[in-house]
Amino acid sequence: MAKLSGLVKTNTAIFFSGKGSNFKNLIKFSLLNNSPIKIKFAVTNNPRAEGIKIARKYKIKIKIYNYKNIRKVENEILNDLKSNDINLVCLAGFMKILTKNFIKKFYGKILNIHPSLLPKYKGLNTHKRAILNNEKFSGCTVHFVNSRLDSGKIVLQKKVKINKKDTYESLEKKVLKEEHILYPKAIKKLFPTH
Ligand code: GRF
Numbered sequence: 463m464a465k466l467s468g469l470v471k472t473n474t475a476i477f478f479s480g481k482g483s484n485f486k487n488l489i490k491f492s493l494l495n496n497s498p499i500k501i502k503f504a505v506t507n508n509p510r511a512e513g514i515k516i517a518r519k520y521k522i523k524i525k526i527y528n529y530k531n532i533r534k535v536e537n538e539i540l541n542d543l544k545s546n547d548i549n550l551v552c553l554a555g556f557m558k559i560l561t562k563n564f565i566k567k568f569y570g571k572i573l574n575i576h577p578s579l580l581p582k583y584k585g586l587n588t589h590k591r592a593i594l595n596n597e598k599f600s601g602c603t604v605h606f607v608n609s610r611l612d613s614g615k616i617v618l619q620k621k622v623k624i625n626k627k628d629t630y631e632s633l634e635k636k637v638l639k640e641e642h643i644l645y646p647k648a649i650k651k652l653f654p655t656h
């Protein structure tokens with residue numbers, strides 16, 4: 463825990479694999495005076511992830527992990543989380559599945575954001591599947607991570623209307639905008655600061 467401006471903030475690590483727009487959004491959120499989190503560390507499996515530039519810009523300590531041997535790499539990550547005194551992990555577009563062993567060691571302290579109204583559309587290509595199924599609504603979900611994919615306890619959800627004209631890309635854009643509101647809101651719900 464880090465004490466900043468009179469408020470005890472939860473030391474947080476963000477895991478991402480790609481663009482990192484949620485990562486950037488959470489950094490901005492963490493910099494607000496009344497934010498309950500401090501982002502101390504970032505994890506990626508992808509040396510080409512655009513989010514790495516964001517980490518450098520905001521001076522967040524980041525490590526790129528080689529996922530050739532999952533057991534080995536997860537132990538390395540767990541050690542790094544420990545040495546950075548991390549109490550909360552936020553997955554934000556992290557494209558690797560955490561093993562049961564990892565989740566057990568951090569149980570109840572890992573959140574994920576998923577671009578659908580869970581339990582609908584677990585896994586990948588959520589926008590494409592929602593449109594092909596003629597859904598009227600899609601959305602996003604922040605949930606705890608357990609050992610089953612996209613199945614942990616839901617913290618918050620936001621519905622997004624699918625219009626006739628929506629393409630996979632336009633829906634993705636609309637949902638992503640809501641994700642950037644939902645993730646901080648879910649964290650505030652779990653760590654109220656008043
Ligand atoms: C988001 O849609 C998130 O819900 C999903 O992966 C995407 C990551 O986007 N898990 P970004 O890298 O945060 O821009």
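Throughout, this note's numbering is defined as the position within the sequence shown, counted from one, plus 462.
For each residue, glycine too, the CB sits at the ideal point set by N, CA and C.
Here the structure is a predicted model, which is why all the values come from computation and not from measurement.
Could you tell me how far apart the beta carbons of I489 and I522 are, in whole angstroms, since I believe they sit closer than 8 angstroms?
Residue mapping note: residue 489 aligns to position 27 of the sequence shown, counting from 1. Residue mapping note: residue 522 aligns to position 60 of the sequence shown, counting from 1. Rounded, the Cβ-Cβ distance is 7 angstroms, consistent with contact.
Can the beta-carbon of E641 be found less than 7 angstroms from the beta-carbon of I575?
Against the sequence shown, residue 641 aligns to sequence position 179. Against the sequence shown, residue 575 aligns to sequence position 113. Cβ atoms of E641 and I575: closer than 7 angstroms.
What three-state label does DSSP hand V607 in the structure shown?
Within the sequence shown, numbered from 1, the residue matching residue 607 stands at position 145. In the structure shown, V607 sits in coil (DSSP, three-state: anything other than H, G, I, E or B).
Please name the residue, chosen from S479, N596 and K621, that lies closest to K627 on a Cα-to-Cα basis.
What you label residue 627 is simply residue 165 of the sequence shown in a count that begins at 1. Here the closest residue by C-alpha is N596.
Check for me: the alpha helix (DSSP H) holding N537 runs from which residue to which?
The residue given as residue 537 occupies position 75 in the sequence shown. Residues I532 to S545.
Count the CB pairs spanning the segment 548-557 and the segment 482-501 that are closer than 8 angstroms, and state whether there are at least three.
As far as the Cβ criterion goes, the segment 548-557 touches the segment 482-501, which means the pair count is three or higher.
When you compare only the Cα positions, how much space is there between L493 and Y529?
In the sequence shown, residue 493 corresponds to position 31, counting from 1. In the sequence shown, residue 529 corresponds to position 67, counting from 1. In a straight line, the C-alpha of L493 is about 31 angstroms away from that of Y529.
Just verifying my parser: in three-state terms, what is the DSSP assignment at S578?
As a working mapping, residue 578 is identified with position 116 in the sequence shown. In this structure, S578 counts as coil in the three-state DSSP scheme.
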